[in-house]
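Going down the list, the protein sequences come from chains B, R and W. Mapping the first sequence onto numbering that gives the first Met the number 0, position 1 (from 1) lands on 0, and the numbers just tick up by one. Mapping the second sequence onto numbering that gives the first Met the number 0, position 7 (from 1) lands on 6, and the numbers just tick up by one. Mapping the third sequence onto numbering that gives the first Met the number 0, position 208 (from 1) lands on 207, and the numbers just tick up by one. Each residue gets a CB set at the ideal place from its N, CA and C atoms; glycine is no exception. Quick caveat, the model's predicted, so the values are computed rather than measured. Take a look at the structure set out below.
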Amino acid sequence: MITLYDYELSGNCYKLRLFMSMLDIEYEVIAVDFYPGKEHKSEWFLEINPLGQLPVLEDNGFVLRDAQAILIYLASKYDAGGKWYPTDQPQTLGDISQWLAFADSITSTSSAARLHDGLFYDFDIEACRAGAHRLFRIFDEHLWFAEKQNRNWICPGDHPTIADIACFPYVILSEEGGISRQDYPAIRRWTDRVKRIPGFVVMSGVFPAGPAFKAAG
Amino acid sequence: MAVCSDKTVLNQWYAIGATEEIEPERMTETVLLEEELSYTVDALGSPKVWRTGHDAGELVPSQCVYGYVWTCLGEASGEVFAIPEFSEPDRRNMNAATIGVNVSAPRAIENFLDMGHFPYVHTDILGVEPHTEVKEYDVEISIENDEILATRCRFFQPMASQASGGGADVEYIYRVPHPFCSVLYKSSPVDDKRMDVIAVFLQPVDQEHIRAHMMLSVLDEDNDDKSIRLFQQTIFGQDKPILENQFPKRLPLDPRAETPIRADKSAITYRRWLSRKGITYGVIPAAA
Amino acid sequence: METQHRKWHPIAASSDLPLRHTFHGQLLGREFAVWRADDGYVNVWENRCLHRGVRLSIGINDGAELKCQYHGWRYANRTAGCTYIPAHPADAPARTICNRTYPAVERYGLVWSGETPDGELPEISELEAGSPCALRAIPVNAPADLVTKRLAEYRFQPNAKIDGQGAEITVETAQDGHLSLSSVDGEVSTKLLLFVQPVDSNRTVVRGVLSDRPKQEDELRVFLHHSRRLSSLRDLIEAEAAGLPVPEPMQPVIHRVSEELASMPEQTLSGRTAPLRVEVSRKWETAAGIAGLKLVPVGEQLPTFQPGAHIDVHMPNGLVRQYSLTNGPGETRHYTIGVKLEPDSRGGSQCMHREVREGDVLAISEPRNNFPLRRDAVKTLFVAGGIGITPLLSMARALHHSDLPHELHYFSQSEKHMAFPEVLERLGSGVVPHLGLDPAETGKQLKAILSRYQPAMHLYVCGPGPMLEATRKIAADHGWPDNSIHFEYFKNTNEVDDSSSFEIDLARSVMTLQVPAGKTILAVLRENGVDVPSSCEQGACGTCLTTLLEGEPDHQDVYLNESEKSSGNCIMTCVSRAKSGRLVLDI
Chain B
0 MITLYDYELS GNCYKLRLFM SMLDIEYEVI AVDFYPGKEH KSEWFLEINP
50 LGQLPVLEDN GFVLRDAQAI LIYLASKYDA GGKWYPTDQP QTLGDISQWL
100 AFADSITSTS SAARLHDGLF YDFDIEACRA GAHRLFRIFD EHLWFAEKQN
150 RNWICPGDHP TIADIACFPY VILSEEGGIS RQDYPAIRRW TDRVKRIPGF
200 VVMSGVFPAG PAFKAAG
Chain R
0 MAVCSDKTVL NQWYAIGATE EIEPERMTET VLLEEELSYT VDALGSPKVW
50 RTGHDAGELV PSQCVYGYVW TCLGEASGEV FAIPEFSEPD RRNMNAATIG
100 VNVSAPRAIE NFLDMGHFPY VHTDILGVEP HTEVKEYDVE ISIENDEILA
150 TRCRFFQPMA SQASGGGADV EYIYRVPHPF CSVLYKSSPV DDKRMDVIAV
200 FLQPVDQEHI RAHMMLSVLD EDNDDKSIRL FQQTIFGQDK PILENQFPKR
250 LPLDPRAETP IRADKSAITY RRWLSRKGIT YGVIPAAA
Chain W
0 METQHRKWHP IAASSDLPLR HTFHGQLLGR EFAVWRADDG YVNVWENRCL
50 HRGVRLSIGI NDGAELKCQY HGWRYANRTA GCTYIPAHPA DAPARTICNR
100 TYPAVERYGL VWSGETPDGE LPEISELEAG SPCALRAIPV NAPADLVTKR
150 LAEYRFQPNA KIDGQGAEIT VETAQDGHLS LSSVDGEVST KLLLFVQPVD
200 SNRTVVRGVL SDRPKQEDEL RVFLHHSRRL SSLRDLIEAE AAGLPVPEPM
250 QPVIHRVSEE LASMPEQTLS GRTAPLRVEV SRKWETAAGI AGLKLVPVGE
300 QLPTFQPGAH IDVHMPNGLV RQYSLTNGPG ETRHYTIGVK LEPDSRGGSQ
350 CMHREVREGD VLAISEPRNN FPLRRDAVKT LFVAGGIGIT PLLSMARALH
400 HSDLPHELHY FSQSEKHMAF PEVLERLGSG VVPHLGLDPA ETGKQLKAIL
450 SRYQPAMHLY VCGPGPMLEA TRKIAADHGW PDNSIHFEYF KNTNEVDDSS
500 SFEIDLARSV MTLQVPAGKT ILAVLRENGV DVPSSCEQGA CGTCLTTLLE
550 GEPDHQDVYL NESEKSSGNC IMTCVSRAKS GRLVLDI
């Protein structure tokens, strides 16, 4: 059985809830009171993850921290089709890793801005927002060119990868940190596409998309 | 000189922090009505609040009520409004969360009074399609207390009945005893004669930013504090993107600014009440 | 600034508007929700729901309507009129709630709009001649005039030598809003138009359009060339703008809603109550021009119905219409109705066809049966014309289920116009279709069908007025007594004369009321607090049938048959009046 140490309002935990729903994996949740209880800094939790960070996943005794690492693990173990993390395609793997690192940069800017505005973390808010906009400009250009090549996803191929899952939460939650996506139309279209992946679930603060157009016949 | 020139707003008491989240003898900084403040609670639980911006060091009135430090930047008159249920011995009282929202205080109060959004914003929790109807309810302004009271409010809630696991109408009573605070009573799943209390005390940081303090006073023996809090945080997190996408951010008091329907009775009463009080902070007053 | 409001500006690229997406645009401070409907139409709307100001750009484009995320209000493609308010499914006000729309023209790969643009979108000769190709738009955090000035310094390579260097750039024109640049490198040249979209006082979008589409194999490199070079220029412009004082954001005027919309509508206290809530669980085209709607209960179990019963449906547009239930015996988990699209309808069938969707909640009355089915006939004949099939279908199913002798004669334009074919199939040989007949042929068929009257046979007829009249007459000619002919009109096509004035006595309520010219008995009763059930309110459905104790009625309905009318002991209070000065009603 898989156990997720989870906090509903965390975008990093959402990455895993989202991905496990898409893979149709059953799991249990242990809710960690991130706020106001600061339970992720509590003694019992530090024993599980000395970094004091969410999420942590346990799979039959195997304990793993870090959302991106867990995505790799889940895809490698549970995605029978090997589409989300195609281990037989070196270039795609490299590409995915590059965007997983990019997702971490989004976290350190967009998520930080959200923590500042929502939970009053003492961050340099202007620097967080400027950093997120700098990333979003690059991301929007990347996705615009992907569309021009008839690609829907961050990495080449006709199937989404864990890079899409890793980038999605703190992009879609950016407005909670005062980071508008108005200037990034290609990102906005990509978020619609992610929301239409079978198995998509929302989190608090994320709206579902309507149904996609289906050509008659 | 206070930044806020709205005397009615300035003279109110505001919650600025949950006492249980304050480390004794440690100083915490905050902003209220665009003024920088620091506050602390001593080992005996007495609060102290002082200005740190202009007139730095000047102490301002303070008191601890309902688990929060309250302060007033104008001329404090009277007490913080009453929530008699808070002192009932079998209730569990807690701060569910203090969350910052990029919206004006009155927009957030209006959202708190609204039931029609339950199936769309709190899908599968407080409402679900196709149970979208807002049934007739009553709203009055109590002359005695100068507060808004909405009664006979009912809305279909999925999983409302713990016994049957099915959906049912849940009853709500809403009070607005303060321009930027509201108290909600909701039928208790464990005691059909009493109600749970969910209050929202808004701290206007400026005209378009708030810190929302959510106080719970519930009759619940089954769930631990953590899951009760988490539930409220999930609900509030769902409202946040709606509030932050409302335009204009300040609440327009001109009756022709937006389009009310019967379901908005309590919101209409609230807007008129603010107008009559001459509130200008966080609103767009109706043109004279 | 005023002149800017009267100009056309690009606000999006065509490629920004895939189906089922909502684009977030802005021009001169005013935000737009821009969305393409499935029919290709581009909607440019003010970016706020009229209800509570929530941005519609976070709403859902379902291909025909845009749905607000806050309360599920829906606004229609093209008109931007609100079609559904889920909080009040019973009595959505008949008020016209309409969002603010702005003009939209799609040309040169861009979408053009403006606050109040003068005239038509001007032609841009450079782009009319070529095969225009829009580049990736570049947002710039700087005022539009600064951006326009600096864009003259833009350097780029012609399409055919995109990897070259040192092309000669000429600024051919730089009029307000756009620059026309030409890049020449040796033999080859490319023309580029740069449009400057003033988003807000300190925000601008640069939209480039090449006059000629690059060769397919060069396309990506050309796009990348411009994306990178425009981005570099953007960085320089932003650095310059950062040193300038930041202008105040523009304050677009938010227009007030009409006086009528500002007041909260009162709850309608009409006698036409709609206590039930149903969800449209399925909507499909059951025949050409006829929508089938399956209605399932929201909350409680649906009440029992009898064959021939109808319900009042209260529509999102405020109208109330009657529809017969087609259900078979015991089918109480849903009601199924058929709605024919009437091209000249007052909006009832159009609303049901165009606006009502699967998942919508509708308010309906309890089923009422003014067209009851006897089950003691030696044989029952049903004669249906067109959509008149619906009540007869329910009746035929009831008799079929009990193995009672019957025939269902279905007059229809063609096979594809026959509604609920799957149900008809189950009725087997009891169904006799008569397809594509003109009135004379129809008459001939009816004569054949009705020629074999025997005592205790019953005839049920439902269809268009002329066919109904013809059937009644033919039946009478063939010896069918009045009380064996049962019929239901869709509507009363008679002209109602309401010029008389008279007095009514309510025998049981002990009240005397005056009915003036221009007012119905029903309306006078309601004004005086006497609640009487009613449904169609045009003398067709039979719901308001009242016993008449004294006085001479002036029947104007089509519900009562001749013998009932001449008996003088009943009256339809919604249209009929008095020939005598006074009527005594059993109320």
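Does the distance from the C-beta atom of residue i to that of residue j stay below 8 Å?
| i | j | result |
| --- | --- | --- |
| R:D168 | R:F179 | no |
| W:V297 | W:E278 | yes |
| W:F370 | W:H554 | no |
| W:H8 | W:Q174 | no |
| W:E125 | W:K190 | yes |
| B:A165 | B:L118 | no |
| W:G108 | W:A12 | yes |
| B:R195 | B:R187 | no |
| W:S533 | W:L521 | yes |
| W:N76 | W:A141 | no |
Starting from residue i, trace the beta strand (DSSP E) both ways and give me its first and last residue.
| i | result |
| --- | --- |
| W:K66 | 64-66 |
| W:E278 | 275-286 |
| W:L436 | Per DSSP, W:L436 belongs to no beta strand (DSSP E) and is neither H nor E. |
Within 8 Å (strictly less), CB to CB, does residue i reach chain B?
| i | result |
| --- | --- |
| W:D37 | yes |
| W:L268 | For W:L268, the predicted model reports a pLDDT of 48, less than 50, meaning its position is unreliable; a value from the coordinates is still stated below. Judged by the 8 Å Cβ criterion, W:L268 is not in contact with chain B. |
| R:W12 | no |
| W:H8 | no |
| R:S226 | yes |
| W:R206 | no |
| W:Q68 | yes |
Going by DSSP, what residue range makes up the alpha helix (DSSP H) through residue i?
| i | result |
| --- | --- |
| R:V290 | It is not possible to answer for residue 290 of chain R, since the shown part of chain R is limited to 0 through 287. |
| W:V422 | 420-426 |
| B:K147 | 124-147 |
| B:N11 | 10-21 |
| B:Q88 | Unbroken run through B:Q88: none, as it is neither H nor E. |
| R:W272 | 264-276 |
Name the DSSP bridge partner or partners of residue i?
| i | result |
| --- | --- |
| W:G80 | W:C97 |
| W:I336 | W:L292 |
| R:T150 | R:D137 |
| W:I168 | W:S182 |
| W:H405 | W:T379 |
| B:S109 | Its beta-bridge partners do not exist; DSSP assigns none. |
| W:F622 | Missing from the structure shown is residue 622 of chain W; chain W here goes from 0 to 586 and no further. |
| W:W34 | W:T21, W:N42 |
Answer yes or no: does any C-beta atom of chain R fall closer than 8 Å to that of residue i?
| i | result |
| --- | --- |
| B:E7 | yes |
| W:Y101 | no |
| B:Y72 | no |
| W:A93 | At W:A93, the pLDDT of 45 sits below 50, so the modelled position is not reliable; the number obtained from the coordinates is stated separately. Closer than 8 Å: no. |
| W:E278 | yes |
| B:L118 | yes |
Please tell me whether residue i has its Cβ less than 8 Å away from any Cβ of chain W.
| i | result |
| --- | --- |
| R:H208 | no |
| B:G209 | yes |
| R:T131 | yes |
| R:L125 | no |
| B:G216 | Because B:G216 carries a pLDDT of 41, less than 50, the predicted location of this residue cannot be relied on, and the following value inherits that uncertainty. No, its Cβ sits nowhere closer than 8 Å to a Cβ of chain W. |
| B:R83 | Sequence inspection shows Trp at residue 83 of chain B; the Arg mentioned does not correspond to that position. False, the Cβ-Cβ gap to chain W never drops below 8 Å. |
Next item on the list: Write down every uninterrupted run of the beta strand (DSSP E) in the stretch 25-71 of chain R whose length is 3 residues or greater and which is fully enclosed by it, in chain order.
Entry: 27-31, 34-40, 46-50, 61-64, 67-70
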